[in-house]
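Each remark here refers to the structure printed beneath this line.
Residue numbers (full-length UniProt numbering): 1 to 86.
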């Protein structure tokens with residue numbers, strides 16, 4: 001029976017405990033928590049943009065709410081939402 005070796009993309013497997021003293025993982029956990037909040041905020045923003053488009057709001061209005069141009073708003077959200085109305 002063969003065992004698959006999981007590749008650790010974090011690089012933590014490369015640390016030698018003999019030369020790398022243990023540290024408090026508070027900052028590491030804070031970074032992970034912040035990344036999760038960013039992902040949640042991105043999902044919320046995407047849903048809000050979709051709701052605005054479904055309600056008939058223009059890309060100009062959405063761009064203004066995002067403090068960007070309508071073109072940038074469409075490039076960021078329109079194609080992934082499947083929106084073909086510009």
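From the three backbone atoms N, C-alpha and C, an ideal C-beta is built for every residue, glycine too. From a predicted model like this one, the values you see are computed outputs, not experimental measurements.
Per-residue DSSP class, three states only, for residue 13: helix
Any chance you could list the beta strand (DSSP E) runs of at least 3 consecutive residues sitting entirely within the region 22-49, in chain order? none
Cα separation between residue 50 and residue 69? 17 Å
Residue 17 CB to nearest heavy atom of the ligand GTP below 7 Å: Of ligands this structure carries none, so the ligand GTP is not represented either.
Using the Cβ count rule (16 or more neighbours within 10 Å means buried), how would you classify residue 62? buried
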